[in-house]
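Accompanying notes for the structure given below.
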Amino acid sequence: MPRGFSHTLNSSTLQPGELQLKIENVSLAFGGVQALTDVSLEVRQSAITAVIGPNGAGKTSLLNCISGLYHPQDGRILFYNQGNEHELTKLKPYQIAKLGIARSFQNIELFKHMTVLDNLMLGRHNHLKSNIFTGGLYWGKTQKEEVENRFFVEDIIDLLEIQAIRKQAVGTLSYGLQKRVELGRALAMQPSLLILDEPMAGMNAEEKEDMARFVLDVNEEHGVSIIIIEHDMGVVMDISDHIAVLDFGLKIGDGTPDEVQRNPDVIRAYLGEDLAIM
Amino acid sequence: MESGIFHTTYESDMALRRTPWMRWRIYILLVLLAIFPFVANNYYLTLANQIGIVAIAAIGLNILTGFTGQISLGTGGFMAVGAYTSGLLAANLGLPWWLTIIIASIFTALVGGFFGIPSLRLKGLYLAMATLASQQIIEWAIIRSPLTGGVEALVLPMPTVFGRRANTEFGFYWVIFIILILVVFYAVNLFRSKIGRAFIAIRDQDIAAEVMGVNLFRYKILSFATSSFIIGMAGGMLANYRGIVSFERFTIEASIFYLAVIIIGGMGSVSGSIYGAIFMTLVPAILTNLGQTLGGSIPQMAKLIPFIRQGVFGLTIIIFLIFEPEGLAKIWRDIKDYLRLWPFSY
Ligand SMILES: Nc1ncnc2c1ncn2[C@@H]1O[C@H](COP(=O)(O)OP(=O)(O)O)[C@@H](O)[C@H]1O
Ligand SMILES: [Mg+2]
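Protein chains in written order, with the working numbering: chain R, 1 to 278; chain Y, 279 to 624.
In structure tokens form, the structure reads like this:
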């Protein structure tokens with residue numbers, strides 16, 4: 001029996017349904033390649049927002065703009081929390097992390113030589129206070145905060161059912177488990193907004209089902225807002241509240257799963273694939 | 279055989295020495311280190327002191343290169359900054375030797391932090407080139423400065439403790455080993471708390487680290503400064519231990535030597551830095567002894583010895599790079615794992 005989660009996982013102060021993230025007319029080009037053209041999108045608190053589209057459509061680029069890894073030439077991205085408006089397009093990635101925007105990557109970007117525990121503890125980075133002097137002593141406050149945060153991390157380990165591997169180096173784990181640990185590391189940040197770039201890619205049916213369950217758990221039980229990129233249309237239509245469709249850097253559809261499936265532009269972009277059964 | 283250890287609190291689960299035997303091993307080691315200077319002759323004390331200073335500097339370099347992933351060819355230069363700062367403060371201002379070492383460490387941390395600025399833009403070999411440039415700049419500054427005495431050696435006043443000479447082999451043994459123990463304690467703890475973990479994260483995957491909230495610029499500079507503090511301290515100690523400072527000891531050769539120490543000992547391993555220091559100090563000493571013995575009986579050999587020494591050295595480094603990139607620390611870990619499960623070693 002897993003014990004209950006004893007911490008608040010969601011660090012957003014908004015009420016469900018409030019506007020949390022506003023992407024305004026974002027355009028991004030790499031040399032001649034137009035990755036995003038005038039893309040606008042709204043994300044609401046506690047919703048699961050999916051971004052779909054064929055390979056190369058610009059989905060990852062859009063997430064990278066939110067994380068501050070890419071800098072759009074045009075447009076801005078606004079984020080709301082604790083009564084403040086933050087213009088993400090003016091912030092650095094580590095500053096965006098401080099706002100509680102957590103993410104995973106399409107190609108797993110874990111700290112391979114660190115244990116699962118240490119990877120998750122790194123997710124606690126912004127919640128820890130020890131410095132270059134006190135860290136080297138590991139006395140009093142430092143030990144106390146390490147132990148307190150270990151409790152938080154252990155809750156996530158229970159939630160994701162990775163107790164058995166907590167002390168293993170991440171590089172030695174299977175692909176599916178690494179994806180799970182990467183979700184855990186993002187959760188350890190106590191996200192206000194959780195961004196997942198293809199969390200189920202390359203997984204078998206059982207692993208996918210587990211991952212979908214975790215994502216739903218985090219959203220439904222803890223109210224964490226989620227932006228997810230996923231290719232498995234069955235999963236996407238099933239779990240999303242809202243779907244945005246990108247094609248060649250343009251947003252061609254935006255709405256509920258039903259609306260998107262009936263959108264003629266979307267159907268054209270996915271020509272040959274049967275959206276209804278997905 | 280060791281088995282079935284369960285920890286009931288996170289405090290004990292997170293402790294460094296998680297079993298009584300691990301704790302005892304440390305106590306025994308400390309007792310042996312305390313007995314050693316009373317039973318060892320001067321030759322062995324000299325070797326121990328050399329190992330101690332090399333180990334301190336190697337831990338400093340390992341924090342930067344092994345743990346944070348920032349290759350540095352500037353160790354010699356940073357050590358020189360520590361040595362000259364300490365020496366000049368003692369010689370010109372008459373400050374007590376221990377105070378000069380503290381000031382020298384802080385100053386070297388600032389210099390190291392400054393020369394770490396290119397690390398925001400440069401990685402790998404390009405960063406190595408940038409640190410090599412800092413090595414050259416420091417050497418140039420020392421040779422040209424009217425303060426340092428240039429190519430002439432700088433002679434330090436004799437360090438004393440309660441009016442007695444401190445830099446005898448026996449006296450300085452205590453200074454070196456107390457500092458070494460403190461540095462080991464510091465480094466080991468650093469890497470199980472926030473800052474050290476962030477350093478390792480930068481090494482493993484810098485973009486992910488930044489997206490998790492690590493300010494790359496700040497932490498890289500911090501790593502350069504921390505590393506340089508310890509390297510500068512080793513430099514300051516070396517100056518007072520020898521009583522004389524000459525820039526020739528701190529050239530690019532020294533920088534490469536220290537990289538070899540951590541490669542052979544183990545990148546990203548505190549204990550590995552010590553194993554590397556032991557190895558890189560003892561092997562040349564043994565080769566020299568061997569050379570003298572051989573040189574006595576076969577005079578033609580005497581001339582060849584230095585070259586053979588260099589060759590054996592280079593070869594060892596290459597062998598480690600190819601066959602055991604994780605160094606002596608990994609070999610020792612494997613042996614321990616084997617013994618721990620013995621006789622059921624499956
Ligand atoms: N760092 C980059 N440099 C150059 N081109 C890039 C970069 N990142 C993405 N692109 C280009 O932008 C387009 C969109 O890529 P991406 O956002 O990864 O698509 P998706 O995630 O939808 O598959 C592609 O044509 C890709 O080649
Ligand atoms: Mg992508």
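Just so you know, even glycine gets a beta-carbon here, dropped at the ideal spot from N, CA and C.
Taking a C-beta distance under 8 Å as the contact criterion, Y/Gly510 and R/Ala97 do not qualify as a contact pair. In the DSSP annotation of this structure, the continuous segment of the alpha helix (DSSP H) that includes Y/Leu323 starts and ends at 320–340. Annotated as proximal: Y/Val461 and Y/Ile508, with beta-carbon spacing under 8 Å. Exclusion of the five residues before and after Y/Arg442 leaves Gly449 as the residues of its chain whose Cβ lies within less than 8 Å of its Cβ. Proximity of the stretch 373–390 of chain Y to the stretch 576–594 of chain Y falls short of the contact definition, fewer than three beta-carbon pairs being nearer than 8 Å. For the stretch 86–149 of chain R, the continuous beta strand (DSSP E) assignments of 3+ residues that do not extend past its boundaries occur at 101–103, in sequence order. Taking a cut-off of 8 Å for Cβ pairs, the stretch 103–123 of chain R and the stretch 430–440 of chain Y do not touch, as fewer than three such pairs fall below it. Taking 4 residues as the shortest admissible run, the stretch 434–504 of chain Y contains the following complete alpha helix (DSSP H) segments, listed from N- to C-terminal end: 447–468, 472–482, 484–489.
Distances from the CA of Y/Ala382 to each of Y/Ala444, Y/Ser364, Y/Thr409, Y/Leu500 were compared; the closest alpha carbon is that of Y/Ser364. Each of Y/Asn340, Y/Val317, Y/Leu323 was checked against the Cα of Y/Ile478, and the nearest Cα belongs to Y/Asn340.
With respect to chain R, the C-beta atom of Y/Val439 has no partner C-beta closer than 8 Å. Among the residues facing chain R, Y/Arg470 is included, as its CB has a counterpart in that chain under 8 Å away. Contact annotation for R/Ser12 against chain Y: no contact, minimum CB-CB distance about 16 Å [criterion: below 7 Å].
The alpha carbon of Y/Pro435 has as its nearest neighbour, out of Y/Ser549, Y/Gly513, Y/Val523, Y/Phe591, the alpha carbon of Y/Val523. Among the CB atoms of chain R, none fall inside 8 Å of the CB of Y/Ile509.
At least one heavy atom of ligand 1 lies less than 7 Å from the C-beta of R/Thr60. Less than 8 Å divides the Cβ of Y/Gly543 from the Cβ of Y/Gly605. Neighbourhood of R/Met203 in chain Y, by CB distance below 9 Å: empty, with the nearest CB roughly 20 Å away.
Counting along the chain, R/Phe30 sits inside no alpha helix (DSSP H); it lies in the beta strand (DSSP E) bounded by residues 19–30. Taking a beta-carbon distance threshold of 8 Å, Y/Leu500 counts as an interface residue toward chain R. In the three-state scheme derived from DSSP, where H, G and I count as helix and E and B as strand, R/Arg76 is classed as strand. Relative to ligand 2, even the nearest heavy atom lies 7 Å or more away from the CB of R/Gln20.
A direct Cα-Cα distance of roughly 8 Å separates Y/Gly390 from Y/Ser505.
The beta carbon of Y/Arg611 sits no closer than 8 Å to any beta carbon of chain R.
R/Gly32 sits exposed, since fewer than 16 C-beta atoms from the chains shown fall within 10 Å of its C-beta.
Contact check for R/Ser130 and R/Thr142: beta-carbon distance about 4 Å, within the 8 Å limit, so the pair qualifies. Going by DSSP, R/His222 is part of the alpha helix (DSSP H) stretching over 205–222.
The beta carbon of R/Arg166 does not come within 8 Å of any beta carbon belonging to chain Y, so the residue lies off that interface.
For the stretch 70–99 of chain R, the set of positions with a beta-carbon nearer than 9 Å to some beta-carbon of chain Y reads Lys92, Pro93, Tyr94, Gln95, Ile96, Ala97, Lys98 in chain order. Annotation: R/Ile162 to Y/Gly344 spans about 29 Å, alpha carbon to alpha carbon. When Cβ-Cβ separations below 8 Å define contact, R/Leu173 makes no contact with chain Y. DSSP lists R/Leu21 as the beta-bridge partner residues of R/Val43.
Distance from the C-beta of R/Asn107 to the nearest heavy atom of ligand 1 is not below 7 Å. Below the 9 Å Cβ cutoff, chain Y contributes no neighbours of R/Val266, its closest Cβ being approximately 30 Å away.
Y/Ile349 sits in coil when the DSSP states are folded into three classes, being neither helix nor strand. Non-local beta-carbon contacts of R/Thr13 in its own chain, meaning distances under 7 Å to residues more than five positions away in sequence, involve Asn81, Gln82 in chain order.
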